[in-house]
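These notes concern the structure reproduced below.
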Amino acid sequence: SAVISQKPSRDICQRGTSLTIQCQVDSQVTMMFWYRQQPGQSLTLIATANQGSEATYESGFVIDKFPISRPNLTFSTLTVSNMSPEDSSIYLCSVGNAGELFFGEGSRLTVL
Amino acid sequence: GIQVEQSPPDLILQEGANSTLRCNFSDSVNNLQWFHQNPWGQLINLFYIPSGTKQNGRLSATTVATERYSLLYISSSQTTDSGVYFCAVATGANNLFFGTGTRLTVIP
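Sequence lines, in order, name chains G and B. Per this note's numbering, residue 1 is the first one in the first sequence, and the count goes up by one each step. Per this note's numbering, residue 113 is the first one in the second sequence, and the count goes up by one each step.
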């Protein structure tokens, strides 16, 4: 399975600021995804990060709030913009390999 | 979208006991995975099992795709098995949709 590294692993942010999360994979992958896990909840897909084109967002998520970059087949970023306390969550990067998905260790954000 | 329901939502076991976790889904799927989320939040892949039966040590899983359910069996439970177990499915591209989870607590 691919090794997926996320940075930062955790952060405490002020309301109204933005934070960019990085996801680095140790091999080229076609499919990369970003998920959110709110406290005590299950995981929800935010978007599919497409290499060379705009990300594909799920219902309830918009590019202005969660801009995503995918400059190559091993790297992606997710920005959480204009944060509010409701954005406090774990954000996870995921990659597909032969049909199976693997997850990074997540970035735990707390917004004050 | 596809609905994924897991039962029971919470389970408390004495160490050494066996358990069965269930995942029901509302549509045909081409991918089904079971994950264990440990207390630190890390998601650990348990099984990639869109159909059939697999076993890995004390854990095994069975998916009956035609009847739209999957079962995860944990035998001789240990305290390190504690955490949340998620079932996740996909109907097309690889993006997974997660169930509500089963929170397992194993008591020494």
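For each residue, glycine too, the CB sits at the ideal point set by N, CA and C.
With fewer than 16 other Cβ atoms from the protein chains shown falling within 10 Å of its own Cβ, B/Gln167 counts as exposed.
By the CB criterion at 7 Å, B/Leu216 and B/Leu158 fall outside the cutoff.
Where B/Val201 is concerned, the enclosing beta strand (DSSP E) starts and stops at Gly195 to Ala202. One finds Gly153 in chain B with Cβ atoms closer than 7 Å to the Cβ of G/Arg108, taken in chain order. Distance from the CA atom of B/Gly204 to the CA atom of G/Ile68, rounded to whole angstroms, is 22 Å. If you check each beta-carbon in the segment 187 to 211 of chain B against every beta-carbon of chain G, the ones closer than 9 Å belong to Val196, Phe198, Ala200, Ala202, Ala205, Asn206, Asn207, Leu208, Phe209, Phe210 and Gly211.
At the C-beta level, B/Leu184 and B/Pro162 stay beyond 7 Å of one another. Counting C-beta atoms within 10 angstroms of its own C-beta, B/Trp152 has fewer than 16 neighbours from the protein chains shown and is therefore classed as exposed. Using beta-carbon distances, G/Glu100 counts as an interface residue toward chain B, with a partner under 7 Å.
When DSSP states are grouped into helix, strand and coil, B/Ala177 belongs to the helix group.
Taking a contact as a CB-CB distance under 8 Å, the pair G/Glu54 and G/Leu45 does not count as one, their CB atoms being some 16 Å apart. For the C-beta of G/Phe61, not a single chain B residue is nearer than 8 Å; the gap to the nearest is close to 13 Å. Neighbours of B/Asn143 in chain G, taken as residues whose beta carbon is under 7 Å from its own, are Gly99 in chain order. Within the same chain, Cβ atoms closer than 8 Å to the Cβ of B/Asn142 are found at Pro162, Ala202, Thr203 and Gly204, the five residues on either side in sequence being excluded. The three-state reading of DSSP puts B/Pro121 in coil, since its state is none of H, G, I, E or B. Of the other Cβ atoms in all chains shown, 16 or more fall within 10 Å of the Cβ of B/Asp193; this residue is therefore buried. Closest in C-alpha terms to G/Pro39, from the list G/Leu101, G/Pro85, G/Asn97 and G/Ser89, comes G/Ser89. Taken in chain order, the members of the segment 39 to 53 of chain G whose beta-carbon sits within less than 7 Å of a beta-carbon on chain B are Ser42, Leu43, Leu45 and Thr48. Here DSSP, grouped into helix, strand and coil, assigns B/Asp139 to coil. Annotation for B/Phe159: the continuous beta strand (DSSP E) segment containing it runs Leu155 to Tyr160. Taking a C-beta cut-off of 7 Å against chain G, the contacting residues of the segment 148 to 176 of chain B are Gly153, Gln154, Leu155, Asn157 and Tyr160, listed in chain order.
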